[in-house]
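Asker: Okay, here's the structure, questions in a sec.
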Amino acid sequence: MRIPRLFRFTLVYLLVFIALGICIRLGFATAFGNKADPLPSSLLAQSLLLGARFDLRLGLLSLVPLLLLGGFKMTTPFKEGLARRLWLLWFALVFAVLIFTHMVDFAHYSYLGVKLSASVLNFLYNLDESAGMVWSTYPVMKLTLIWGLSVALLTWLVSCLMSKVATYSGWDAGKWKTTALVLVSILGTLLGIHGKFSQYPLRWSDAYYSTNSFAAAVALNPALNFFDTMSYTRDTYSLDDVRKAYPAMAAYLGVDHPDEKTLNFERHIQPKATALPGQPNVVMVYLESFSGYKTSLYGNPLETTPFFTQMAKESIWFDNLFTPHFGTARGIFAGLSGIPDVDLRDTSSRNPAAVNQNVLINAFKGYEKDYFIGGSTTWANVRGVLTKNIDGLKIHEEGSYSAPRNDVWGISDKNLFFEANKVFKEKKGPFFAVIQTSGNHRPYTIPAEDTDFKLKNPSLAELHANGFAAADEYNSFRYMDYCIEKFMETAKKEAYFDNTVFVFFGDHGIRAMGHDVGPNVPRAYQDLKLSSVHTPFVLYAPKLLKPARYHKVASQIDILPTIAGLFNFTFINKGMGRDLLDPRFDASRFAFTIYPDEGGEIGILDQDWYYIMQVAKKSGGLFDMKSNTPSIDKSVEHPEIAEKMKTKLRDYYTTADYMLTHSAK
Numbered sequence: 004m005r006i007p008r009l010f011r012f013t014l015v016y017l018l019v020f021i022a023l024g025i026c027i028r029l030g031f032a033t034a035f036g037n038k039a040d041p042l043p044s045s046l047l048a049q050s051l052l053l054g055a056r057f058d059l060r061l062g063l064l065s066l067v068p069l070l071l072l073g074g075f076k077m078t079t080p081f082k083e084g085l086a087r088r089l090w091l092l093w094f095a096l097v098f099a100v101l102i103f104t105h106m107v108d109f110a111h112y113s114y115l116g117v118k119l120s121a122s123v124l125n126f127l128y129n130l131d132e133s134a135g136m137v138w139s140t141y142p143v144m145k146l147t148l149i150w151g152l153s154v155a156l157l158t159w160l161v162s163c164l165m166s167k168v169a170t171y172s173g174w175d176a177g178k179w180k181t182t183a184l185v186l187v188s189i190l191g192t193l194l195g196i197h198g199k200f201s202q203y204p205l206r207w208s209d210a211y212y213s214t215n216s217f218a219a220a221v222a223l224n225p226a227l228n229f230f231d232t233m234s235y236t237r238d239t240y241s242l243d244d245v246r247k248a249y250p251a252m253a254a255y256l257g258v259d260h261p262d263e264k265t266l267n268f269e270r271h272i273q274p275k276a277t278a279l280p281g282q283p284n285v286v287m288v289y290l291e292s293f294s295g296y297k298t299s300l301y302g303n304p305l306e307t308t309p310f311f312t313q314m315a316k317e318s319i320w321f322d323n324l325f326t327p328h329f330g331t332a333r334g335i336f337a338g339l340s341g342i343p344d345v346d347l348r349d350t351s352s353r354n355p356a357a358v359n360q361n362v363l364i365n366a367f368k369g370y371e372k373d374y375f376i377g378g379s380t381t382w383a384n385v386r387g388v389l390t391k392n393i394d395g396l397k398i399h400e401e402g403s404y405s406a407p408r409n410d411v412w413g414i415s416d417k418n419l420f421f422e423a424n425k426v427f428k429e430k431k432g433p434f435f436a437v438i439q440t441s442g443n444h445r446p447y448t449i450p451a452e453d454t455d456f457k458l459k460n461p462s463l464a465e466l467h468a469n470g471f472a473a474a475d476e477y478n479s480f481r482y483m484d485y486c487i488e489k490f491m492e493t494a495k496k497e498a499y500f501d502n503t504v505f506v507f508f509g510d511h512g513i514r515a516m517g518h519d520v521g522p523n524v525p526r527a528y529q530d531l532k533l534s535s536v537h538t539p540f541v542l543y544a545p546k547l548l549k550p551a552r553y554h555k556v557a558s559q560i561d562i563l564p565t566i567a568g569l570f571n572f573t574f575i576n577k578g579m580g581r582d583l584l585d586p587r588f589d590a591s592r593f594a595f596t597i598y599p600d601e602g603g604e605i606g607i608l609d610q611d612w613y614y615i616m617q618v619a620k621k622s623g624g625l626f627d628m629k630s631n632t633p634s635i636d637k638s639v640e641h642p643e644i645a646e647k648m649k650t651k652l653r654d655y656y657t658t659a660d661y662m663l664t665h666s667a668k
């Protein structure tokens with residue numbers, strides 16, 4: 004019995020479509036997999052099979068117009084003429100979108116360590132900076148040529164397939180066989196698009212079948228993931244759940260007058276007996292992508308940060324601090340508001356309902372307040388968050404500096420520090436300043452003017468073994484240390500230095516992808532993605548603070564309460580951060596994490612355990628932070644600990660969700 008031409012074309016097309024997807028996934032696994040600890044073959048096979056199901060769905064969706072219209076004489080693709088040319092134009096468009104999304108996905112993963120999702124649209128809010136970064140970092144013209152040639156090749160193959168199929172005889176079966184084949188084809192198409200033999204369809208969350216996040220990255224189809232996350236919005240909090248969590252969270256935060264009805268989270272903080280006298284200045288520095296494992300502080304043998312390491316030893320240094328999330332806009336928001344940015348769709352800085360926050364910088368009465376950034380604060384509505392919430396703030400940004408522009412991110416970090424120093428030394432009274440660096444960021448531009456900074460070129464094997472993908476990233480990280488050193492050298496010559504608390508911490512870390520975190524960092528930082536959220540936190544004031552090192556678990560949202568707690572004034576804390584130097588809280592220290600681009604994964608960790616789950620799921624996994632095999636779920640072995648951590652996590656997430664819009668100044 005002869006097979007219908009359209010049926011034959013569909014089968015061959017889908018086989019080629021899926022085979023192409025498998026090849027791309029293997030390329031992805033090769034490019035981004037950890038060479039020292041590759042994805043187990045069983046997980047790779049499972050991810051490839053799951054990915055094939057995603058590809059089958061996309062392939063069938065691309066065939067729907069042809070399946071509906073291709074059986075008619077006027078619209079058949081199997082005869083030369085206008086209809087075939089239109090079908091080839093359709094498939095060229097399909098391949099253009101397919102190849103483009105895969106290319107963007109490779110670049111996106113190389114840059115951020117997460118699969119392409121609708122969150123990439125956030126870059127459109129800052130199109131000039133984003134386009135400049137892409138142009139400076141990637142060979143755009145070469146990639147465009149590869150894209151065009153790939154689309155042309157695939158379209159030509161489809162044309163050849165149409166011509167080949169046209170040589171076969173048509174379908175000659177009777178009415179009943181034709182009807183049966185049509186019904187089977189419809190059912191098969193619907194089943195392939197549905198993706199599963201179950202009530203619920205194949206979803207992006209099915210890719211997270213393992214605690215190994217790279218397995219999910221291999222499985223996901225970037226085009227489908229993009230459109231799936233376009234329509235995804237997080238569930239809003241339930242007031243019943245917030246009230247249920249309230250007693251535990253009020254106790255955890257140290258609320259003065261708990262009230263379950265009004266959901267009061269205010270704490271009136273009194274000065275300590277050890278408070279600093281007078282009105283010292285504060286310079287709070289966000290260090291771009293300042294991962295702990297890449298620094299010399301944690302024993303990285305490549306000696307990336309010799310100056311910062313020595314400075315930390317002369318400071319109050321918290322070596323176990325975690326940012327709630329990966330991403331600068333989220334880090335700025337959380338650091339200032341004291342609330343994790345738990346919006347899964349977009350950054351809270353872009354949410355009008357969340358813009359009004361009680362920023363503790365306002366507690367510094369009588370202080371001048373400044374914000375310095377090498378580029379512009381227009382990105383991610385950060386300007387709105389700053390000007391709305393910090394009284395009397397003066398923003399210094401691109402256009403207000405004498406230093407030349409270095410790259411897409413504005414002036415260099417060294418010159419940013421120098422520009423800030425010029426402002427500080429002219430101050431007549433106390434000041435609180437925030438400096439946001441950006442140089443440790445693609446395209447990793449080191450200014451030609453800094454001739455005393457010498458590039459180093461370790462072997463690729465050395466770089467990969469110690470947390471770096473390439474020499475430009477390594478030297479950019481070293482350059483950050485150089486910039487901090489130059490800043491401190493300059494500041495020490497000024498009168499304000501002795502009466503200033505300098506605060507350094509990362510806006511976030513950066514995940515080790517395809518390489519190791521180094522020999523001196525716990526395995527959990529690699530296997531459980533903690534490398535992307537772990538950063539040093541240093542309070543440096545040699546004339547005001549005695550050096551000390553603390554190992555307690557800390558969060559980025561604790562930074563401002565800790566700074567304010569050093570000073571001799573009363574303030575109201577409405578956020579979720581707590582003073583790291585207040586011993587009342589030392590019995591219960593933990594940090595919250597969230598990965599919006601990875602299925603809404605949330606987690607909570609203490610010194611020993613890390614509990615991780617998806618927001619939409621009822622349970623997750625418990626992981627041993629100190630184990631040499633930390634990715635093994637221990638929740639069955641330790642059910643009581645797992646249940647306790649899960650309850651803490653749910654309470655924390657629910658409360659953070661509520662407080663995003665209920666902590667106005």
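Just so we're aligned, residue 4 is where the sequence shown starts under our numbering, counting upward by one.
Glycine residues also receive a C-beta, built at the ideal position from the N, C-alpha and C atoms.
What you are looking at is a predicted structure, and each value in this text was computed from that prediction instead of being measured.
When burial is assigned at 16 or more other CB atoms within 10 Å of the CB, is residue 236 buried or exposed?
Answerer: Taking the sequence shown and counting its residues from 1, one reaches residue 236 at position 233. Residue placement at residue 236 cannot be trusted, given a pLDDT of 49 that sits under 50; the coordinates are not used to answer.
Asker: Can you pull the DSSP bridge partners for residue 324?
Answerer: Counting from 1 along the sequence shown, the entry for residue 324 is found at position 321. Answer is 538 and 557, bridged to residue 324.
Asker: What runs of the beta strand (DSSP E), each 3 residues or longer, lie entirely inside the region 468-514?
Answerer: The region 468-514 contains these whole beta strand (DSSP E) runs: 503-509.
Asker: So what does DSSP say about residue 576, is it helix, strand or coil?
Answerer: Residue numbering aside, residue 576 sits at position 573 when the sequence shown is read from its first letter. DSSP places residue 576 in strand when its eight states are reduced to three.
Asker: On the criterion of 16 or more Cβ atoms from any shown chain inside 10 Å, does residue 529 qualify as buried, or is it exposed?
Answerer: Along the sequence shown, one-based indexing puts residue 529 at 526. Classification for residue 529: buried.
Asker: Does DSSP put residue 533 in a helix, a strand or coil?
Answerer: Working through the sequence shown from its first residue, we reach residue 533 at position 530. Here residue 533 sits in helix by DSSP.
Asker: Kindly indicate the opening and closing residues of the alpha helix (DSSP H) around residue 612.
Answerer: Translated into the one-based positions of the sequence shown, residue 612 becomes position 609. Here residue 612 belongs to no alpha helix (DSSP H); instead the beta strand (DSSP E) covers 612-617.
Asker: Between which two residues does the alpha helix (DSSP H) harbouring residue 11 extend?
Answerer: In the sequence shown, residue 11 corresponds to position 8, counting from 1. Where residue 11 is concerned, the enclosing alpha helix (DSSP H) stretches over 8-35.
Asker: Going by DSSP in three states, residue 649 sits in which element: helix, strand or coil?
Answerer: Position 646 of the sequence shown, counting from 1, holds the residue named residue 649. It is helical.
Asker: Three-state secondary structure (DSSP) at residue 439?
Answerer: As a first step, residue 439 is located in the sequence shown; it is residue number 436 there, counting from the start. Three-state DSSP puts residue 439 in a strand.
Asker: Considering only residues of the region 385-471, which uninterrupted beta strand (DSSP E) runs meet the minimum length of 3 residues and lie entirely inside it, listed in chain order?
Answerer: DSSP runs (the beta strand (DSSP E)) wholly in the region 385-471: 396-399 and 434-439.
Asker: Please determine, among 470, 411, 481 and 565, the residue with the shortest C-alpha to C-alpha distance to residue 131.
Answerer: The residue you call residue 131 lines up with position 128 of the sequence shown. That would be 411, whose Cα lies nearest to the Cα of residue 131.
Asker: What does the alpha-carbon distance come out to for the pair residue 164 and residue 182?
Answerer: Reading the sequence shown from its first residue, position 161 is the one you call residue 164. Reading the sequence shown from its first residue, position 179 is the one you call residue 182. The straight-line gap from Cα to Cα measures roughly 26 Å.
Asker: Go through its chain and collect everything with a Cβ distance to residue 17's Cβ below 6 Å, but skip five positions before and after it.
Answerer: Locating residue 17 in the sequence shown gives position 14, where the first residue counts as 1. If we look at residue 17 and ignore the five residues flanking it on each side, its Cβ neighbours are 62.
Asker: Whole angstroms are fine: how far does the CA of residue 565 sit from the CA of residue 457?
Answerer: Looking up residue 457 in the sequence shown gives position 454. Looking up residue 565 in the sequence shown gives position 562. The alpha-carbon atoms of residue 457 and residue 565 are separated by roughly 37 Å.
Asker: I need the DSSP call for residue 373, collapsed to helix, strand or coil.
Answerer: Here residue 373 refers to the residue found at position 370 of the sequence shown. Of the three classes helix, strand and coil, the one that applies to residue 373 here is strand, per DSSP.
Asker: In three-state DSSP terms, what is residue 197?
Answerer: For the purposes of this step, residue 197 is taken as the residue at position 194 of the sequence shown. Here residue 197 sits in helix by DSSP.
Asker: Could you tell me if residue 273 is buried or exposed, where buried requires 16 or more neighbouring beta carbons within 10 angstroms of its beta carbon?
Answerer: Counted from its first residue, the sequence shown places residue 273 at position 270. With fewer than 16 other Cβ atoms within 10 Å, it is exposed.
Asker: Please return the same chain residues whose Cβ sits closer than 6 Å to the Cβ of residue 257, not counting the five positions on each side in sequence.
Answerer: Here residue 257 corresponds to residue number 254 of the sequence shown, with the count starting at 1. Contacts found: 270.
Asker: Take every Cβ of the region 327-334, pair it with every Cβ of the region 544-560, and state whether three or more of those distances are shorter than 8 Å.
Answerer: Result yes; three or more Cβ-Cβ pairs closer than 8 Å.
Asker: For residue 492, count neighbouring C-beta atoms within 10 Å of its own C-beta (all shown protein chains included) and say buried if the count is 16 or more, exposed if not.
Answerer: For the purposes of this step, residue 492 is taken as residue 489 along the sequence shown, with counting starting at 1. Under this definition residue 492 is an exposed residue.
Asker: Between the Cα of residue 502 and the Cα atoms of 486, 431, 518 and 350, which residue gives the shortest distance?
Answerer: Locating residue 502 in the sequence shown gives position 499, where the first residue counts as 1. Closest by alpha carbon: 431.
Asker: Secondary structure at residue 105, three-state DSSP: helix, strand or coil?
Answerer: Numbered from its first residue, the sequence shown carries residue 105 at position 102. If DSSP states are grouped into helix, strand and coil, residue 105 belongs with the helices.
Asker: Just reading off the beta strand (DSSP E) that residue 624 is part of, what are its end residues?
Answerer: Counted from its first residue, the sequence shown places residue 624 at position 621. Taken as a continuous stretch (DSSP letters only), the beta strand (DSSP E) holding residue 624 covers 624-627.
Asker: Tell me the residue span of the beta strand (DSSP E) that contains residue 595.
Answerer: Here residue 595 is taken as the residue at index 592 of the sequence shown, counted from 1. That run of the beta strand (DSSP E) goes 594-598.
Asker: So, with DSSP's three-state summary, where would you put residue 590?
Answerer: Within the sequence shown, numbered from 1, the residue matching residue 590 stands at position 587. Note: residue 590 maps to coil in three-state DSSP.
Asker: Specify, as a first and last residue, the run of the alpha helix (DSSP H) that residue 249 falls within.
Answerer: Here residue 249 is taken as the residue at index 246 of the sequence shown, counted from 1. Note, residue 249: alpha helix (DSSP H), 242-256.
Asker: Could you have a look at residue 74 and say whether DSSP puts it in helix, strand or coil?
Answerer: Mapped onto the sequence shown, residue 74 falls at position 71. The answer is coil: DSSP assigns residue 74 none of H, G, I, E or B.
Asker: Candidates 608, 340 and 228: which alpha carbon is nearest residue 595's?
Answerer: On the sequence shown, residue 595 is found 592 positions in, with the first residue counted as 1. When each option's Cα is compared against that of residue 595, the closest is 608.
Asker: With a CB to CB cut of under 6 Å and the five nearest residues on each side skipped, what residues in its chain are close to residue 546?
Answerer: Taking the first residue of the sequence shown as 1, we reach residue 546 at position 543. Same-chain partners within the cutoff: 501.
Asker: Following the continuous beta strand (DSSP E) through residue 605, name the residue where it begins and the one where it ends.
Answerer: Mapped onto the sequence shown, residue 605 falls at position 602. Residues 604-608.
Asker: List the endpoints of the continuous beta strand (DSSP E) containing residue 149.
Answerer: Taking the sequence shown and counting its residues from 1, the one referred to as residue 149 is at position 146. Note, residue 149: premise wrong, no beta strand (DSSP E); alpha helix (DSSP H) at 143-169.
Asker: Specify, as a first and last residue, the run of the alpha helix (DSSP H) that residue 290 falls within.
Answerer: Sequence index remark: in the sequence shown, residue 290 carries index 287 (1-based). From DSSP, residue 290 is part of no alpha helix (DSSP H) but of the beta strand (DSSP E) over 284-290.
Asker: Starting from residue 562 and walking both ways along the alpha helix (DSSP H), at which residues does that stretch end?
Answerer: In the sequence shown, counting from the first residue as 1, residue 562 sits at position 559. Counting along the chain, the alpha helix (DSSP H) containing residue 562 begins and ends at 562-567.
Asker: By a C-beta neighbour count over all protein chains shown, 10 Å radius and 16 as the cutoff for buried, is residue 88 buried or exposed?
Answerer: One-based indexing of the sequence shown puts residue 88 at position 85. Exposed is the call here.
Asker: What do you reckon, are the CB atoms on residue 59 and residue 195 nearer than 7 Å?
Answerer: Reading the sequence shown from its first residue, position 56 is the one you call residue 59. Reading the sequence shown from its first residue, position 192 is the one you call residue 195. Yes, they are a contact pair.
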